[in-house]
Each structure stands twice: as structure tokens, then as C-alpha cells.
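Q: Numbering-wise (our numbering), the sequence shown opens with residue 507 and increments by one.
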Amino acid sequence: MKTLTELFDELQAVVDNPVAQLDGFIRSGKKVVGCFPEYTPNEIVYAAGMVPFGIWGAEGREISEAKKYFPPFYCALVLSSLEMGLDGALNKLSAALIPSLCDTLKCLGQNWKSGVPQVPFIQLVHPQNRKTPAGIAFLTEQYKKIALQLGEISGQAVTDDALKNAIHLFNQRRRALREFSDIAALHPNLVTPQRRNTVIKSGYFMDVVEHTKAVETIVAQCKTLSPEPWKGHKIIVTGIIADSPSILQILADNKMAIVADEVAHESRQFRQDIPENKAPYEAMAEQIAHLDGCSLLYDPEKKRGRLIADMVKNTGADGVVYLLTKFCDPEEFDAPIVKKFLDREGIPSIIIEIDQQTKTYEQARTALQTFADVLSA
Numbered sequence: 507m508k509t510l511t512e513l514f515d516e517l518q519a520v521v522d523n524p525v526a527q528l529d530g531f532i533r534s535g536k537k538v539v540g541c542f543p544e545y546t547p548n549e550i551v552y553a554a555g556m557v558p559f560g561i562w563g564a565e566g567r568e569i570s571e572a573k574k575y576f577p578p579f580y581c582a583l584v585l586s587s588l589e590m591g592l593d594g595a596l597n598k599l600s601a602a603l604i605p606s607l608c609d610t611l612k613c614l615g616q617n618w619k620s621g622v623p624q625v626p627f628i629q630l631v632h633p634q635n636r637k638t639p640a641g642i643a644f645l646t647e648q649y650k651k652i653a654l655q656l657g658e659i660s661g662q663a664v665t666d667d668a669l670k671n672a673i674h675l676f677n678q679r680r681r682a683l684r685e686f687s688d689i690a691a692l693h694p695n696l697v698t699p700q701r702r703n704t705v706i707k708s709g710y711f712m713d714v715v716e717h718t719k720a721v722e723t724i725v726a727q728c729k730t731l732s733p734e735p736w737k738g739h740k741i742i743v744t745g746i747i748a749d750s751p752s753i754l755q756i757l758a759d760n761k762m763a764i765v766a767d768e769v770a771h772e773s774r775q776f777r778q779d780i781p782e783n784k785a786p787y788e789a790m791a792e793q794i795a796h797l798d799g800c801s802l803l804y805d806p807e808k809k810r811g812r813l814i815a816d817m818v819k820n821t822g823a824d825g826v827v828y829l830l831t832k833f834c835d836p837e838e839f840d841a842p843i844v845k846k847f848l849d850r851e852g853i854p855s856i857i858i859e860i861d862q863q864t865k866t867y868e869q870a871r872t873a874l875q876t877f878a879d880v881l882s883a
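1. Is the CB-CB distance between Ile741 and Val880 below 8 Å?
2. Excluding the 5 residues preceding and the 5 following Asp779 in the sequence, name in chain order all residues of the same chain whose CB lies nearer than 8 Å to its CB.
3. Hey, quick one: how far does the alpha helix (DSSP H) through His674 stretch, first residue to last?
4. Count the other C-beta atoms from every protein chain shown that fall within 10 angstroms of the C-beta of Tyr804, then say buried if there are 16 or more, exposed otherwise.
5. Using only CA atoms, which one of Leu696, Glu516, Gly530, His796 lies nearest to Pro639?
6. According to DSSP, Cys541 sits in a beta bridge with which residue or residues?
7. Looking only at C-alpha atoms, which of Arg871, Gln862, Gln875 sits nearest to Cys581?
8. In terms of alpha-carbon separation, which member of Val721, Val769, Asn695, Asp713 lies closest to Gly738?
9. Taking Cβ to Cβ, would you say Asn703 is nearer than 8 Å to Ala758?
10. Which class does His739 belong to by DSSP, given the choice of helix, strand or coil?
11. Since I believe Pro605 is in contact with Thr546 (beta carbons under 8 Å), could you give me their beta-carbon distance rounded to a whole number of angstroms?
12. Glu658: buried (16+ other C-beta within 10 angstroms of its C-beta) or exposed?
13. Just the C-alpha distance for Lys536 and Arg850, rounded to the nearest angstrom, thanks.
14. Considering only their Cβ atoms, is the gap separating Leu583 from Val539 smaller than 8 Å?
15. Short check: CB of Ser587 to CB of Leu614, under 8 Å?
16. Measuring alpha carbon to alpha carbon, tell me which residue in Val521, Leu675, Lys650 is nearest Ala663.
17. So the beta strand (DSSP E) Ile860 belongs to, where does it begin and stop?
18. Under a Cβ-count criterion, where at least 16 other Cβ atoms within 10 Å of its own Cβ denotes burial, should Thr866 be classed as buried or exposed?
19. Buried or exposed: where does Ala519 fall if 16 or more other Cβ atoms within 10 Å of its Cβ makes it buried?
20. For Val827, name the three-state secondary structure that DSSP assigns.
21. List the whole-angstrom C-beta distance separating Thr831 from Ile853, where the pair is believed to meet the contact cut-off of C-beta under 8 Å.
22. Nearest to Asn820 by CA position, among Ala726, Ala873, Ala691, is which residue?
23. Does DSSP classify Asp515 as helix, strand or coil?
24. Mind checking whether Met556 and Leu656 have CB atoms under 8 Å apart?
25. Quick one, are the C-beta atoms of Ala595 and Pro626 less than 8 Å apart?
26. Which of helix, strand or coil does DSSP assign to Ile652?
27. Would you grab the beta carbon distance between Asp593 and Glu571 for me? Rounded to a whole angstrom, and I think it's under 8 Å.
28. Quick one: measure Cβ to Cβ for Ile814 and Thr744, integer angstroms, because I've assumed they're closer than 8 Å.
29. Do we get a CB-CB distance below 8 Å when we pair Ile814 with the residues of chain C?
30. Could you check what DSSP says for Ala770 in three-state terms: helix, strand or coil?
31. With distances taken Cα to Cα, identify the nearest neighbour of Asp713 among Ile689, Gly530, Lys598.
32. Buried or exposed for Gly825, going by 16 or more other Cβ atoms inside 10 Å?
33. I'd like to check one pair, Ile856 with Gln669: are the Cβ atoms closer than 8 Å?
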């Protein structure tokens, strides 16, 4: 039996070299679809006989060609994603599935169509009023249209049975990841911020069944261990992405354990299952309709602050770290609202600006060291 360290290391190897994963799928005869932030219907890709492959930018990637399409002060996640397309790193993809949830993503899709014509662009438009019957009907039709496009690319039509099976498999992974997140909070000495991120992130580059088995194995082994005393701080992390090795190491250096998250790249992807007792396309649309707390989804009541406060209460967390993606307008609108709500609730919080192009985070290190001192007071 593999040790927990070996299991974590195997998933870390996947995260460290996603290109090898992509090449492996291609060698096995699979077609691969790049799935961009935030809410792409991976289940439809899978039901079409192809592999959904997460594209969420790249840490530290040098940006040159993408600056011909975007100004340099654009969201680095989008810049680096386009850069990978322009320099040919993603030529092996059979399609790029890009939502248009914000102005930046809308431009990414159009620029992709122009700059990376060798990888077909499939657009996904989410309705603003996603909770209304009309909104659900609109998104249902969007999904059906995308299924036809994907079926043409793969040569395998998306049937309702295939889609229901895909939904079941992805729900299994959602449940496994929720259980992992819960048990990771009980073992902060073992499941460091980096390891927690690795387990979740690796799923973007693996077959869903293979990844689910890996997560379930880690959970099963963690269950055999007794929870260890934690002498540090317990925190909730929120933001678009928390996938920064430098920031995660700074958290670890300051004895901050992530006991839950409200991050688009992480638990927001597996927080809610897709209903399995309804027509599959409509069920997928309903899942999006019921998703709250996201800055990219229309939320006039701004429920994110309450959602995070409830996480703090349920986990016994000491504070909240808001990882604010640089040049992300929706997040910059949400951040002060969330901060003000948490202040009213008496929950310590800090906003740390992150950017995939940032080389060093010394200012963030100082700020988080100070925040750790505040939590210790």
C-alpha cells in the first residue's frame, strides 16, 4: 500500500507537468477539450467521449504575444491562458470551451478565435438572471448547442444516457473532494496548504474516475489517523484562484491551515452536485442557478459574506484571507463588500492581492505575518 506521502507526491507530479498528462491522453487516442474558467460543462465533454482539461493560466509564465491582444494590465489568468494558445502549447487540444462570464472572458473568447484558429473556439453564454425559469431554459439550450458542437468534433453524439453517466461520475468526484476538504481540516500538520491545493488542482488534468479513486484513497488513509493538535491558526480562503505556491508556502510558514475555502478554482467547483433525478441538461442549468457567492454570477443580495461567515462558524476558523486576483473587476467590486460584512460579524480578515505574473510576494509575506500576529492576540 502506498503511503500518504507517496499519494500526495503522485498528484504533485501531475500538477507539476500537465503537458505530460495532455500528451498521455493524446497518445491513448483521446481528444482533449480545454475548459476555461469558471463553469464549463465538463460532463458534456466527457459524454462526447473526450477529456475535459482545465485551463486556468500558468504561474510565472512570461507574457509576450498576448500583449498584442490585451493591454498588460489585464487579468494574468487570461493573459497566460491566451499566451499558451498563441505560442502553440495548446495546439493538441481539439477545442477551447470558453465561458463569457465577465468582460475579460468575453474578450478572451473573441481573441482566441482570431489568434488561435487552429483550436476551435466554443462559446458558452450564461444568463444573468440564471435563477428564473427563463434563465434555466436559456442555459439548458446553451448546453444542448454545445453538446452538438462537441459531438461533431468527437464524432460521438452526446446521448442523454451518456450525459447522465457523466453527471454521476463527476458527482462522485464532487463528493470525494468535499469529504477530502473536511478531513484535511482535521489534519493540518499532514495536509499543508500546498497539498490541499494539489489534491484539488490535479483533478483538472486527470480522468475523472482516476482522480476520484486517488482522492478516495487519500481520504480512506486519513480516516485511519487520529486528529493531531494544531498549534497554529485556522483560516478560510476566498477568491478566484488560490493556486500560488509562494502564497501557500507563506501561509504554511505562518502556521495558517486552510480548513475550508470559498475559491472559484477549488470548492466552488464541487460544492453542489448536479441533480441526478431530472433531465440532464436542465439539471446542469439548475446547479448553476443555485450556486451563490460567486463574483461572476449575478448576485444582487451579495450572499458571499454570509456564506463565508457560516464557514467560519462551522469550522471554528480564526479568520479569512481574501486572495484578490489583480485586475479582476468583479472581484475588486466584491472584496470591500465582503470585508465590510466580515468586520460587522467580528471576523478578522485580510485582502492579499495575487497575480500569476508576480515574481516575489514579500509585501504579502509581511502582511500575512502581521495578520498571524493579529490572530494570536
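Glycine included, each C-beta is placed from N, C-alpha and C at the ideal position. None of these values were measured; they are calculated from a predicted model.
A: Short version:
1. No.
2. Correct list, in chain order: Asn677, Arg680, Arg681, Gln793.
3. Element bounds for His674: 666 to 690.
4. Answer is exposed; the Cβ neighbour count stays below 16.
5. Residue nearest to Pro639 within the set Leu696, Glu516, Gly530, His796 is His796 (criterion: CA-CA distance).
6. Per DSSP, the beta bridge partners of Cys541 are Gly560, Leu603.
7. In terms of Cα proximity to Cys581, the closest of Arg871, Gln862, Gln875 is Gln862.
8. Taking only the C-alpha atoms, the option nearest Gly738 is Asn695.
9. Contact check for Asn703 against Ala758 fails: the beta carbons are separated by 8 Å or more.
10. His739: strand per DSSP, three-state reduction.
11. About 6 Å separates the beta carbon of Thr546 from that of Pro605, a gap short enough to meet the 8 Å contact definition.
12. By the neighbour-count rule (16 or more Cβ atoms within 10 Å), Glu658 is not buried but exposed.
13. Spanning the two alpha carbons is a distance of roughly 52 Å.
14. With contacts defined as CB atoms closer than 8 Å, Val539 and Leu583 fail to qualify as a contacting pair.
15. Yes, the pair counts as a contact, with Cβ atoms nearer than the cut-off.
16. With distances taken between Cα atoms, Ala663 lies closest to Lys650.
17. 855 to 860 is the span of the beta strand (DSSP E), which, as asked, contains Ile860.
18. Thr866 is exposed by the Cβ-count criterion.
19. In this structure Ala519 is exposed. Its beta-carbon is surrounded by fewer than 16 other beta-carbon atoms within 10 angstroms.
20. Strand, per DSSP.
21. Taking C-beta atoms under 8 Å as the contact rule, Thr831 and Ile853 fail to qualify, at a distance of about 21 Å.
22. Selected option, being the one with the closest Cα: Ala691.
23. In this structure, DSSP gives Asp515 a helical state, which the three-state scheme calls helix.
24. In this structure, Met556 sits near Leu656, with a CB-CB distance shorter than 8 Å.
25. Here Ala595 is not near Pro626, since their CB atoms are 8 Å or more apart.
26. If DSSP states are grouped into helix, strand and coil, Ile652 belongs with the helices.
27. Correct: roughly 6 Å between the Cβ atoms.
28. Correct: roughly 6 Å between the Cβ atoms.
29. Any reference to chain C falls outside this structure, which holds one protein chain only.
30. DSSP, reduced to helix, strand and coil, places Ala770 outside both helices and strands of the structure shown, so it counts as coil.
31. When only C-alpha atoms are compared, the closest one is Gly530.
32. Buried, by the Cβ-count rule.
33. Note on residue identity: the sequence assigns Leu, not Gln, to residue 669. Not in contact: Leu669 and Ile856 (Cβ atoms no closer than 8 Å).
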